[in-house]
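In the working numbering, the protein residues as written are 278 to 547. Remarks on the structure that follows.
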């Protein structure tokens with residue numbers, strides 16, 4: 278582990294703030310509507326750019342009578358009524374010495390949402406040329422106390438592909454939106470997180486470096502496509518105009534922890 282001095286951590290936060298400030302909703306909408314931003318993953322080539330309403334990016338979410346199992350399975354007929362929205366990805370600045378610099382490249386990505394069976398189903402699709410999953414820890418004989426080293430890492434330089442939907446604990450219309458840096462003390466968030474090595478789990482946070490595990494899982498499904506990943510997450514149903522934010526980790530690019538692609542807030546429609 279590389280210890281980062283306090284001044285560097287402060288600089289990282291300021292840099293991340295600058296990235297978010299530069300990516301206004303209007304700029305993101307324009308970026309998403311540019312020809313190069315159209316998602317190229319299998320299926321969502323028809324994805325529409327995000328619309329702006331009252332200065333906020335929109336994620337349309339229609340109603341569906343499809344069974345949850347069909348939605349989680351990515352059944353094309355079950356998702357036929359959903360509007361696929363192109364989402365513009367930003368990237369956090371390097372966090373540790375040796376982290377890859379931002380080369381400006383962004384995977385094409387799209388999101389769709391449907392209200393069904395008293396829940397909100399969110400489908401994320403994005404380009405990713407590789408399937409990244411580190412080797413699982415392995416037990417080795419140890420001369421020390423058994424309670425100290427129960428499992429040893431076999432792949433310390435490998436990181437898993439992952440995705441997340443961040444939702445404020447207080448749902449409904451909000452102004453201003455919570456901080457994109459994992460919420461804040463006055464506006465905590467739930468993190469509906471998928472990790473190729475760990476599965477689907479709900480996390481909580483109330484600001485930068487406060488993410489904690491809840492020990493709770495939730496329904497979801499992930500599958501490889503011809504161009505990358507398709508992940509469907511089953512969230513509790515959300516009130517109209519509840520903001521959600523998306524994040525994607527590319528393990529092959531060294532993404533982990535706070536090093537990731539992320540979006541601004543999108544308001545869920547009804």
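Ideal Cβ positions, reconstructed from N, Cα and C, are used throughout, including at glycine. Fair warning: this is a prediction, and the values are worked out from it, not measured in the lab.
| Bounding residues of the alpha helix (DSSP H) (the contiguous stretch that carries residue 346) | Within the chain shown, numbered from 1, the residue matching residue 346 stands at position 69. In this chain, the alpha helix (DSSP H) harbouring residue 346 covers 345–349.
| query | Where do the ends of the beta strand (DSSP E) carrying residue 454 lie? | reply | Position 177 of the chain shown, counted from the start, is the residue given in the question as residue 454. First-last for residue 454: undefined, no H or E at that position.
| said: Please list the terminal residues of the continuous beta strand (DSSP E) segment that includes residue 478. | reply: The residue you call residue 478 lines up with position 201 of the chain shown. For residue 478, the enclosing beta strand (DSSP E) covers residues 476–482.
| field | For residue 372 and residue 383, believed in contact at Cβ under 8 Å, the rounded distance | value | The residue labelled residue 383 in the question sits at position 106 within the chain shown. The residue labelled residue 372 in the question sits at position 95 within the chain shown. Residue 383 to residue 372, Cβ: 19 Å. No contact.
| query | When the Cα atoms are used, what is the spatial distance from residue 392 to residue 375? | reply | Within the chain shown, the letter at position 115 stands for residue 392. Within the chain shown, the letter at position 98 stands for residue 375. Answer to the nearest angstrom: the Cα atoms are 43 Å apart.
| Grouping DSSP H, G and I as helix and E and B as strand, with all else coil, what is residue 528? | For the purposes of this step, residue 528 is taken as residue 251 along the chain shown, with counting starting at 1. Reduced to three states, the DSSP call for residue 528 is helix.
| said: Would residue 460 and residue 518 qualify as a contact pair, given that the criterion is a beta-carbon distance under 8 Å? | reply: Numbered from its first residue, the chain shown carries residue 460 at position 183. Numbered from its first residue, the chain shown carries residue 518 at position 241. In this structure, residue 518 does not lie closer than 8 Å to residue 460 by Cβ.
| request: With a threshold of 16 other CB atoms inside 10 Å of the CB of residue 544, please say whether the residue is buried or exposed. | output: One-based indexing of the chain shown puts residue 544 at position 267. So residue 544 counts as buried.
| query | Apart from the five residues just before and just after residue 405, which ones in its own chain have a Cβ nearer than 7 Å to its Cβ? | reply | Counting from 1 along the chain shown, the entry for residue 405 is found at position 128. 384, 438, 505, 506, 527, listed in sequence order.
| task | Measure the C-alpha to C-alpha separation of residue 394 and residue 475 and round it to an integer number of angstroms. | result | One-based indexing of the chain shown puts residue 394 at position 117. One-based indexing of the chain shown puts residue 475 at position 198. Pairing residue 394 with residue 475, the inter-Cα distance amounts to about 26 Å.
| task | Compute the Euclidean distance between the alpha carbons of residue 378 and residue 470, then round it to the nearest angstrom. | result | Your numbering for residue 378 matches position 101 in the chain shown. Your numbering for residue 470 matches position 193 in the chain shown. Computed Cα separation, rounded: 25 Å.
| task | Pull up the distance between the alpha-carbon of residue 453 and that of residue 496, whole angstroms please. | result | By 1-based counting over the chain shown, the position of residue 453 is 176. By 1-based counting over the chain shown, the position of residue 496 is 219. Spanning the alpha carbons of residue 453 and residue 496 requires a straight line of approximately 30 Å.
| Distance between residue 441 and residue 349 (C-alpha atoms, nearest Å) | Along the chain shown, one-based indexing puts residue 349 at 72. Along the chain shown, one-based indexing puts residue 441 at 164. Roughly 16 Å separates the two Cα atoms.
| message | With H, G and I counted as helix, E and B as strand and the rest as coil, what does DSSP make of residue 545? | response | As a first step, residue 545 is located in the chain shown; it is residue number 268 there, counting from the start. Correct three-state label for residue 545: strand.
| In this structure, does DSSP put residue 331 in helix, strand or coil? | One-based indexing of the chain shown puts residue 331 at position 54. The answer is coil: DSSP assigns residue 331 none of H, G, I, E or B.
| Distance between residue 515 and residue 360 (C-alpha atoms, nearest Å) | Taking the first residue of the chain shown as 1, we reach residue 360 at position 83. Taking the first residue of the chain shown as 1, we reach residue 515 at position 238. Annotation: residue 360 to residue 515 spans about 17 Å, alpha carbon to alpha carbon.
| Distance CB(residue 466)-CB(residue 445) smaller than 8 Å | Counting from 1 along the chain shown, the entry for residue 466 is found at position 189. Counting from 1 along the chain shown, the entry for residue 445 is found at position 168. Against a cut-off of 8 Å, the Cβ pair of residue 445 and residue 466 comes out as a contact.
| query | Taking one C-beta from the segment 533–544 and one from the segment 333–352 each time, how about it: are there three or more such pairs within less than 8 Å? | reply | Taking a cut-off of 8 Å for Cβ pairs, the segment 533–544 and the segment 333–352 touch, as three or more such pairs fall below it.
| Tell me which same chain residues have a C-beta within less than 7 Å of the C-beta of residue 529, skipping the five on either side of it? | As a position in the chain shown, residue 529 is number 252, starting the count at 1. Excluding sequence neighbours, residue 529 sits near 407, 409.
| task | Inspect the beta-carbon positions of residue 340 and residue 362 and report whether they are closer than 8 Å. | result | Working through the chain shown from its first residue, we reach residue 340 at position 63. Working through the chain shown from its first residue, we reach residue 362 at position 85. No, Cβ-Cβ distance for residue 340 and residue 362 is not below 8 Å.
| request: Over the uninterrupted beta strand (DSSP E) stretch that includes residue 470, give me the two end residues. | output: Counting from one through the chain shown, the residue named residue 470 turns up at place 193. Element bounds for residue 470: 466–472.
| request: To the nearest angstrom, report how far apart residue 522 and residue 486 are at their CA atoms. | output: By 1-based counting over the chain shown, the position of residue 522 is 245. By 1-based counting over the chain shown, the position of residue 486 is 209. Each residue's Cα considered, the two are about 17 Å apart.
| Are the beta-carbon atoms of residue 388 and residue 364 separated by less than 8 Å? | On the chain shown, position 111 is the one that residue 388 refers to. On the chain shown, position 87 is the one that residue 364 refers to. In terms of Cβ geometry, residue 388 and residue 364 form a close pair [threshold 8 Å].
| task | Return the residue from the list 357, 490, 356, 368 that minimises the CA-CA distance to residue 457. | result | Taking the first residue of the chain shown as position 1, residue 457 is located at position 180. Closest by alpha carbon: 368.
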